[in-house]
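Q:
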Amino acid sequence: MSGEEEENDAELKIGDEFLKAKCLMNCEVSLILEHKYEQLQQVSEDPMNQVSQVFEKSLQYVKRILSRHQLTEFELCVLGNLCPETAEEAVAMVPSLKTKGRAHSDEAIEKMLNDLSLVKRFE
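Sequence positions in the sequence shown follow UniProt numbering and run 1 to 123.
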């Protein structure tokens, strides 16, 4: 048996490639790609400028949610992409929400899901 740890999302053992990756919700990726496409169609002088602004605003918002709810990017993206409707569903999808030392109450998880649903309305 190798010395490598087995991946376990409940304990946030998700592999080096995911720990180092920047995660995006589907709605963010869509917004970025649509905006980039529009810019390429218009052939502006600085096509990366507006994409950077859109990305920066999305990143700032995501960071606010991450810090407010003490989520990792991985947890936020799983919840944002899968859209659980209840705290019970969220914990089933992301068991690390209830891990020792940072266990979120069901009320806090419901608030988090409500915040994420507000983001999804702008898709």
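For every residue, glycine included, the Cβ atom is placed at its ideal position computed from N, Cα and C.
Please look up how many angstroms separate the CB atoms of E113 and A92, rounded, as I've assumed it's under 8 Å.
A: Residue identity differs from the one stated: residue 113 is Leu in this sequence, not Glu. The pair is not a contact, with the Cβ atoms about 13 Å apart (cut-off 8 Å).
Q: For the alpha helix (DSSP H) containing A92, name the first residue and the last one.
A: A87 to M93 is the extent of the alpha helix (DSSP H) around A92.
Q: Residues in the same chain with beta-carbon distance under 7 Å from D115, minus the five sequence neighbours each way, listed in chain order, please.
A: Cβ neighbours of D115 beyond the five flanking positions: I65.
Q: Note down, in chain order, each residue of its chain lying with its Cβ closer than 7 Å to the Cβ of M1, except the 5 sequence neighbours on either side.
A: With a pLDDT of 41 at M1, under the threshold of 50, the modelled position of this residue cannot be trusted; read the value that follows with caution. Cβ neighbours of M1 beyond the five flanking positions: none.
Q: Quick one: what's N8 bridged to in DSSP?
A: The partner list for N8 (beta bridge, DSSP) reads K13.
Q: Would the region 102–113 count as touching the region 14–32 if we require 3 or more Cβ pairs under 8 Å?
A: Taking 8 Å as the limit for Cβ pairs, the verdict is that the region 14–32 does not touch the region 102–113.
Q: Secondary structure at S117, three-state DSSP: helix, strand or coil?
A: Of the three classes helix, strand and coil, the one that applies to S117 here is helix, per DSSP.
Q: Assign S117 to one of two classes, buried (16 or more other C-beta atoms within 10 Å of its C-beta) or exposed (fewer than that).
A: It is exposed - the Cβ of S117 has fewer than 16 other Cβ atoms within 10 Å.
Q: Under DSSP, the alpha helix (DSSP H) around C77 begins and ends at which residues?
A: Segment E73 to L82, the alpha helix (DSSP H) holding C77.
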